[in-house]
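Data first, discussion second: the structure below is written as structure tokens.
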Amino acid sequence: MRKLLNTKDYPREYKCAESIHSYVADIAEVTITEEEVLYLMIHLVRLG
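Next up, the structure:
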């Protein structure tokens, strides 16, 4: 079984995803779920 994505393994990407989450929440006044933050984080890991 493959190891699931762990936020502790990718602290830089998680911090970036959280920053994007805060930005979107402030600007667009929408709520982003933790699952959506992790989905964003997956793409940030792939870019890195």
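In UniProt numbering, the protein residues as written are 1 to 48. Note that the Cβ used here is the ideal one computed from N, Cα and C, for glycine as well.
Going by Cα to Cα distance, which pick from Asp9, Ala17, Asn6 is closest to histidine 43? Ala17
Simplified DSSP assignment, three categories, for glutamate 29: coil
When we look at the beta-carbon of tyrosine 39 and count the other beta-carbons within 10 Å, is it buried (16 or more) or exposed? exposed
Where does the unbroken alpha helix (DSSP H) through leucine 5 begin, and where does it stop? Run containing leucine 5: none; DSSP gives neither H nor E here.
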